[in-house]
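Visitor: In this note's numbering, the protein residues as written are 25 to 113.
The structure is reproduced here in structure tokens:
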């Protein structure tokens, strides 16, 4: 696994990292790793690609997702059964 060395970190930042690590029950290294990983956000293109992959996977498992939420709510309100729901046979 690659390593990262941070030079020139202020004493205040280091002290705050130590305090935060102690509060979370982690080593300073584990706390710094957690902070860095949480701070890295995917780009919009990466996020949309992930959404598309999830949608494709879900559609393959459960069928099309094209039905609107309004139609689903209407079925529930009107007491009709939901397609594919074994509880409503």
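All residues carry an ideal CB built from backbone N, CA and C; glycine is no exception. All of these numbers come straight from a predicted model, not from anything done at the bench.
Classify residue 58 as helix, strand or coil using the three-state DSSP reduction.
Guide: It is helical.
Visitor: Mind checking if residue 38 is an interface residue toward chain C, Cβ cutoff 8 Å exclusive?
Guide: The question asks about chain C, but that chain is absent: this structure has only one protein chain.
Visitor: Rounding to the nearest angstrom, what Cα-Cα distance links residue 92 and residue 62 in this structure?
Guide: Roughly 34 Å separates the two Cα atoms.
Visitor: Is the beta carbon of residue 55 sitting closer than 8 Å to the one on residue 45?
Guide: Yes.
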